[in-house]
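These notes concern the structure reproduced below.
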Amino acid sequence: DCFETSGETIIRQGDHGDRLFIVLEGECEAKKAFVTGQKPWKVMTHKVGDYFGELALLKNELRAASVLTASVNVKVLYMD
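Heads up, the sequence shown stops at 88 in the numbering used here, and the numbers go up one at a time, no gaps.
Set out below in structure tokens:
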């Protein structure tokens, strides 16, 4: 998938997880709200070669954090 602008949501905290993502170009940020209704905090930056989304697949749980694009022209490869 390709995302042209910064701030686009790739995965959302609390959603069902059915894909693993690998960053091919650009950067992404993981943000997590530790308390319902609380503002999410940045917990991780994913760069080229990094992957995310594996925990929901491995543990069959909901997404633990949201991941958004942190730069323009982000490309990710996903596996489902």
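Beta carbons are placed, not taken as given, at the ideal position from N, Cα and C, and that holds for glycine.
Values in this document were obtained by computation on a predicted structure and should not be read as measured data.
Distance from the CA atom of lysine 67 to the CA atom of threonine 13, rounded to whole angstroms, is 31 Å. Leucine 66 has no beta-bridge partner at all, per DSSP. Listed in chain order, the non-local C-beta contacts of lysine 83 below 6 Å within the same chain comprise Cys10, Leu32, Glu33, local neighbours out to five positions each way being set aside. Note that the C-beta distance between arginine 71 and alanine 64 is below 8 Å. Around the CB of glycine 61, 16 or more other CB atoms lie within 10 Å, so the residue is classed as buried.
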